[in-house]
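Start counting the sequence shown at 1; every next residue gets the next number (this note's numbering). Heads up, the thing below is written out as structure tokens.
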Amino acid sequence: MKFTTEKLVRFHHCDPAGIVFYPQFYVLLHEVQEDFLAHIGFPEHKMVEGGTGVPIVDMKTEFLGMCRHGDVLTMTLELSRIGGASLGMHYEIHASAQAPGAPSALKLRADGVVVYSQVPHGKAVRIPDDLRDALLPYLQAHPETP
Numbered sequence: 001m002k003f004t005t006e007k008l009v010r011f012h013h014c015d016p017a018g019i020v021f022y023p024q025f026y027v028l029l030h031e032v033q034e035d036f037l038a039h040i041g042f043p044e045h046k047m048v049e050g051g052t053g054v055p056i057v058d059m060k061t062e063f064l065g066m067c068r069h070g071d072v073l074t075m076t077l078e079l080s081r082i083g084g085a086s087l088g089m090h091y092e093i094h095a096s097a098q099a100p101g102a103p104s105a106l107k108l109r110a111d112g113v114v115v116y117s118q119v120p121h122g123k124a125v126r127i128p129d130d131l132r133d134a135l136l137p138y139l140q141a142h143p144e145t146p
């Protein structure tokens with residue numbers, strides 16, 4: 001199953017040409033991660049208050065097209081792997097079609113790894129069973145090979 005949310009490209013995401021400035025995509029990807037964790041009942045800010053978090057340790061990103069001010073982005077997150085302490089996350093961003101009735105276009109694909117760890121020390125710890133159970137429905141049945 002994929003977690004899906006929509007985001008509007010705002011002025012602050014863009015460079016002077018009205019195109020999303022590439023570091024802002026990482027902000028958007030983190031927002032999707034935060035939305036996903038809240039959706040499954042583990043808001044990131046509550047985890048941090050409790051002494052754990054899921055910092056990113058790796059990210060591979062393919063920029064496949066431009067996104068512009070005013071675009072509606074459909075963003076998905078699916079888990080590619082659930083390990084002892086780490087999670088593989090697969091993201092996709094599709095932009096709204098410019099012409100009515102035209103299909104949305106894939107603009108970004110990313111694969112990241114986060115590690116469930118103690119905050120602020122960063123020591124990796126095993127993902128607790130209740131969190132693991134909440135994550136399992138979002139695990140890809142057949143992860144794509146990069």
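The beta carbon of each residue, even a glycine, is placed where N, CA and C say it ideally should be.
- Distance from the CA of Ala141 to the CA of Val115, rounded to the nearest whole angstrom, comes to 21 Å.
- The closest CA to that of Ala85, considering only Glu78, Val48, Val125, Gln118, is found on Val125.
- The residue from Asp129, Gly53, Thr76 with its alpha-carbon nearest to that of His94 is Thr76.
- DSSP places Asp130 in the helix class (H, G or I) of the three-state scheme.
- In this structure, Val113 sits away from Gly51, with a CB-CB distance that is not shorter than 7 Å.
- Per DSSP, the beta bridge partners of Ala124 are Ser117.
- Annotation for Tyr22: the continuous alpha helix (DSSP H) segment containing it runs 22-39.
- One alpha carbon belongs to Gly83, the other to Met47, and they sit about 18 Å apart.
- If the five residues before and after Thr61 are omitted, its C-beta is found closer than 6 Å to the C-beta atoms of Ala110, all from its own chain and listed in chain order.
- According to the DSSP assignment, Val72 belongs to the beta strand (DSSP E) that extends over 72-82.
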